[in-house]
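The structure appears below as structure tokens.
Number of protein chains: 2
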Amino acid sequence: MQFHQHGYVSGDPRIKPAEGTGINRPVELPAEMDVLIVGAGPAGMITAAQLSAFPNLSTRIVERRPGRLEIGQADGIQARSVETFQAFGFAERIITEAYRITATVFWKPDPVDHTRIARAARAPDDTTGISEFPHLIVNQARVLDYFAEVMAYSPARITPDYGWAFQSLEIAATGEYPVAVTLLRTGENAGAVRVVHAKYVVGADGAHSAVRESIGAKHSSIHANHAWGVMDVLAVTDFPDIRAKCAIQSGDGGNILLIPREGGSLFRMYVDLGDVVEDGQHAVRNTTIETIIAKANRILHPYTLDVRSVAWTSVYEVGHRLTDRFDDVPLDQLGARLPRVFITGDACHTHSAKAGQGMNVSMQDGFNVAWKIAHVLEGRSPASLLATYSAERQVIAKDLIDFDLEWSTLMAMRPEDMEDPTELEDYYVRTFEFPAGFMTQYQPSMLIGQPVHQDLAMGFPIGKRFKSAPVVRVADANPVQLGHHHRADGRWRLYAFADAPAIGEPSALSDWARWLSTSPESPLVKYTPKDGDIDAVFDVKLIAQQDFEGVDLGRVPATFMPRTGPFGLIDYELVYAADPVRDIFEARGIDRGGAVVVVRPDQYVANVLPLTDTAGLAGFFGQLMLAAG
Amino acid sequence: MQFHQHGYVSGDPRIKPAEGTGINRPVELPAEMDVLIVGAGPAGMITAAQLSAFPNLSTRIVERRPGRLEIGQADGIQARSVETFQAFGFAERIITEAYRITATVFWKPDPVDHTRIARAARAPDDTTGISEFPHLIVNQARVLDYFAEVMAYSPARITPDYGWAFQSLEIAATGEYPVAVTLLRTGENAGAVRVVHAKYVVGADGAHSAVRESIGAKHSSIHANHAWGVMDVLAVTDFPDIRAKCAIQSGDGGNILLIPREGGSLFRMYVDLGDVVEDGQHAVRNTTIETIIAKANRILHPYTLDVRSVAWTSVYEVGHRLTDRFDDVPLDQLGARLPRVFITGDACHTHSAKAGQGMNVSMQDGFNVAWKIAHVLEGRSPASLLATYSAERQVIAKDLIDFDLEWSTLMAMRPEDMEDPTELEDYYVRTFEFPAGFMTQYQPSMLIGQPVHQDLAMGFPIGKRFKSAPVVRVADANPVQLGHHHRADGRWRLYAFADAPAIGEPSALSDWARWLSTSPESPLVKYTPKDGDIDAVFDVKLIAQQDFEGVDLGRVPATFMPRTGPFGLIDYELVYAADPVRDIFEARGIDRGGAVVVVRPDQYVANVLPLTDTAGLAGFFGQLMLAAG
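Line by line, the protein sequences give chains W and H. Note that the numbering used here gives residue 83 to position 80 of the first sequence, counting from 1, and the numbers run on in steps of one. Note that the numbering used here gives residue 630 to position 627 of the second sequence, counting from 1, and the numbers run on in steps of one.
Put into structure tokens, the structure is as follows:
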């Protein structure tokens, strides 16, 4: 965590000085704004949190609820989400209070006596070390609390505008704030109407999204509705795995997904209530908590469940649905015009809760769209960048729904109908990368390079998220995770993995550094505003092959030790050395001739290039950035 | 972190429900209180934080300052302190924002050219793995902020009473609140006098302690006063180790202790100004910041230091001083009467800042005295327990001063005067356990057993702090640190390391568990109030030799799965299994026949006993606890 650079900070360093729109931010919703976000769930809040790093932009987030979410809803946090929380600065705190999943335990009918369940298998999570972050369970309300803190402590000082429901929007062909949004007061003064104007609108307003309807996106059902009784309860039970994540199938076809919850006592059960017909009657919604508890007891036999307190209960009736596009540009006008309105999260994809994916994929939607909007609004990138949001995320949502459909079908299947008795747990282990959130791989586009030089850094697949590895920070000899220095600050990252000569000697690295600092073609020179700090747009790091004692800071090119801020202080946190025990060059397959790894603000690897291919680097950014000033 | 046991908690689980005195805590200082703490520095704040876990007691903490500390003073946080912060629940947060020391770098006159300094040696911290916690640097102000949060979020809802200076106290021979304390308003209404009455007073009012004077304790000078110019600055320098902790000696006899600070840019320098005569003139205090900077530049030659911003500067003039006793009982009346007033921290021991010890030892003073006062006030223990505070801590302070004197003398010595050129760094490495805070070993007393059965658990030396080790929590198969479940909740811990038979089979462990739950001699039975939860006074844990899959929760004695709280829920966080890869029985030398390890509320090992020696366990607690009710 870096602070004090602009002068001594006495209090909590997480509270940044207000800047720009954060200095006199209006309490009431203004008439005009750069970005309006609709809905303060996970997708909307991460969008606002990312935009809060851009204090020159005015961002508002409206929410129908009168205040913070109290309880219920999603709770599964995949490792990719924790990695994202790390970039936003609250991973360590949420890990401390969350439940950590280390395995899934499979219970099935006892082969000897089908009226009883018995432990059949135990599938550990992440056996291949796909992430240094854990798989967590914590209530969505707490995730929103942490994002709210990030926003409130950010330079832009964003707080949600509660008590506003979205009604409709209209997009004008011209004008500075072309999207007119009609909002309706909820709670006090309910029904009062307000029209505000925005440059861009992000709809994060859930499965019944009115923003989606207003842009005429097609939301198709892929599979019939399915119902679950869900309960968050405190109970006494002799079921021995009550503190483990379990998939439980009983002999009579019943099944439960058991999710232990944060705090050591609470747990959630999803009790399967079967497929339901869409007759508009929703009879299943009348299922009582008593019925759900009774059904859970039948499935758990011979174990019993004595529920002492019900924290929350609901009947979910959800189908698998996907929206055909995630912005307001009809598919037949792709490329002909650019988007002004985006939809994210449940507004574009709904599915079962069984794989614990919803909140996670929704947050990645928001992380993807937010920096793109900011870069376009700040003039860093052309508006054509915005078309990549729908292009990148719609296919991810499709994959998600396919996966969830397969998984939830398997979970609902009677063991005797399976071809292989271990089909369920085998599938879980085989596909683990997907639910952990790391299977996303964006395809080549204006902001994802062709994998021409992938062989220079095999462990950083282009299009996938940058997978951190241990290194040693030279200045203070601290063992750190290279990826954890990537904060959600909206900057591009250039990781220069050095070639073999000692740092400071003639080398491809030295040439690259000189080019980056001085050439008119260099993205650093071309896209960094003249009146700002040299690290304002790009964060440039060096990773030496030598160990930290083999790097002489006095000989490191100034490119990697920039002087910034009002005092012109040196940034000492950009020069790293390989950890001899866990060499990052070995671990990530980096060529000993060096490589440049380009990483997007949302942590995805955008390109891998040789140190010598400066033209390639200049060309890559040339298609997605605009010269500063 | 455990919560929800009393019903669903929607917000931050760190905020506990108010109880007892916390429910309607008076904003103004009341006339009477159980405990009055004087001084809101590290020693006072940890005392208040520990007492805040006892909501039946009324605790107030007065401080001369008008509000929170803004800047300056101590910043070294040894691993033992981070371990302590973990027990109070904020280690992970302070680690994130702190600077982490991994080594000390020694700079000495260049052997070839004595006018220049050169890097001579690098001594890594903690090469023997003495702690899983890091060695940190973070401003004292932030430590106080975190303790303030613990207090404010605790059931007792304690906040400091700022703007009150201690003037004097008188101890009456009788009465419920025998200590009359005269306080003086500072700031607004300065000079207004107030007399309050307390059962116990803790003086944590610093080196010039008025509480110490009021109890007539003798504060002796052990060594002449020494002066340092200290500065917290932002600067540009070509000194390559500016982000490393350095001991720098120049050829002309100057020396600097360089301490990088949190945030990546700020650093502290202690520039040695030499021994000073105590003539009452304090001429050295007139040393200007310009002089200190100029002196630093001379010492650092050939490197230069261009100071851009001075966050804080001071001239320290400190001697090595020790108080003969840490409470109000004169040495010749030891045992004849019991203490009512205690002094802690700088009030009892002052020394150089060179070893980064002051704040750390002071906090352990407070941690030691606070739970003892609470247990006496709650009727858990006889008042004789209070005499152990001075007995235990005065000798620690003596050791500290001896160590610091040796260390600061060595640091001030000219290299040419040393017998061995590597004497300084060798001493640092050899004595590392001391400054890390783990050398403290309390001697046998009413609350430290004789080491009769030490051989049953060689890795848990009686009298030293309980050194954590990795285990697996059985209920959720989570890899955890056994010691991290020890919260600063004022409870005694009984760790039952099982013998070889499977849990639930006939065994010494089974017999011990039955005895503990049912025998009238059992401390659990005898000292736990009948109207409270069975885990209110003792936290009883089981550690099996088998791996977690070899422990059947259905067969674990109920002693280790107690049912508590309004819903009678099972506590699943008390049953652990050895981690096959890092077996705690191997790592801590636990006898395969099992052992009981008794740990005090302040984390020190009080006793080690065989599972079969129930009489020994009963006898141990018999001398320091009082039957409940």
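From the three backbone atoms N, C-alpha and C, an ideal C-beta is built for every residue, glycine too. Nothing here was measured: the structure is a model prediction, and the numbers come from that model.
Taking the beta carbon of glutamate 100(W) as reference, the chain H residues within 9 Å of it are Met4, Phe6, Asp15, Pro16, Arg17, listed in sequence order. Sixteen is the threshold: since fewer than 16 other Cβ atoms of the shown chains lie within 10 Å of the Cβ of proline 523(W), the residue is exposed. Taking 9 Å as the cut-off, the Cβ atoms of arginine 96(W) and tyrosine 149(W) count as close. Cβ neighbours of glycine 257(H) within its own chain (closer than 7 Å, five residues either side excluded): Asp275, Lys298, Arg301, Ile302. Assignment of phenylalanine 500(W) by DSSP, reduced to helix, strand and coil, places it in the strand class. Straight through space, the alpha carbons of methionine 449(W) and glutamate 576(W) are spaced by roughly 30 Å.
Residue nearest to alanine 373(H) within the set Val332(H), Ile98(H), Phe345(H), His354(H) is Phe345(H) (criterion: CA-CA distance). Bridge pairing for alanine 547(W): Ala580(W) [DSSP]. Taking every protein chain shown into account, the CB of asparagine 289(W) has fewer than 16 other CB atoms within 10 angstroms, so this residue is exposed. Approximately 16 Å separates the beta-carbon atoms of alanine 499(H) and leucine 556(H); this is outside 8 Å, ruling out the contact.
Looking from the CA of aspartate 129(H), the closest CA among Ile120(H), Thr107(H), Val239(H) belongs to Thr107(H). In this structure, DSSP gives tyrosine 180(H) a state outside helix and strand, which the three-state scheme calls coil.
The alpha-carbon of leucine 614(H) is positioned some 5 Å away from that of alanine 598(H). Within the segment 59 to 79 of chain W, contact with chain H at the beta-carbon level (separation under 9 Å) is assigned to Arg71, Leu72, Glu73, Ile74.
The DSSP-derived three-state label of serine 224(H) is strand.
Setting aside the 5 residues that flank it on each side, valine 182(W) is surrounded in the same chain by Leu39, Leu172, Glu173, Ile174, Ala175, His200, Ala201, Lys202, Tyr203, Val204, Arg343, Val344, each with a C-beta closer than 8 Å to its C-beta; the list follows chain order.
At a C-beta separation below 7 Å, isoleucine 295(H) has no neighbours in chain W, since its nearest C-beta there lies roughly 17 Å away.
Within the same chain, Cβ atoms closer than 6 Å to the Cβ of phenylalanine 93(W) are found at Tyr149, the five residues on either side in sequence being excluded.
Contact of glutamate 135(W) with chain H by beta-carbon distance below 7 Å is absent, the smallest such distance being about 14 Å. Nearest CB-CB separation between tyrosine 392(W) and chain H: not below the 9 Å threshold. In terms of Cα proximity to valine 600(H), the closest of Lys467(H), Val280(H), Ala159(H), Ser268(H) is Lys467(H).
Straight-line spacing of the CA atoms in proline 418(H) and histidine 323(H) works out to 23 Å. According to DSSP, threonine 316(H) shares a beta bridge with Met234(H).
Under the three-state reduction of DSSP, isoleucine 251(H) is assigned to strand. The alpha-carbon separation between arginine 188(W) and valine 233(W) amounts to approximately 31 Å. By the beta-carbon neighbour count (other beta carbons within 10 angstroms, threshold 16), serine 223(W) is exposed. The segment 313 to 333 of chain H makes no contact with the segment 247 to 263 of chain H: fewer than 3 CB pairs, one atom from each, lie closer than 8 Å. With its beta carbon at least 9 Å from every one in chain H, aspartate 113(W) lies outside the interface. Ranked by Cα distance from phenylalanine 563(W), the options Asp282(W), Ala580(W), Ser471(W), Phe570(W) are led by Ala580(W). In this structure, DSSP gives aspartate 330(H) an extended state, which the three-state scheme calls strand. Counting the other Cβ atoms within 10 Å of the Cβ of alanine 34(W) gives fewer than 16, which makes it exposed. For the pair glycine 382(H) and leucine 629(H), the CB atoms are nearer than the 9 Å cut-off.
In this structure the segment 58 to 73 of chain W does not lie against the segment 323 to 337 of chain W, because fewer than three pairs of beta carbons, one per stretch, are closer than 8 Å. The beta carbon of leucine 556(H) falls within 9 Å of a beta carbon belonging to chain W, placing the residue at that interface. Beta-bridge annotation (DSSP): glycine 452(W) is not paired with any residue. A direct Cα-to-Cα measurement between threonine 307(W) and alanine 121(W) gives close to 14 Å.
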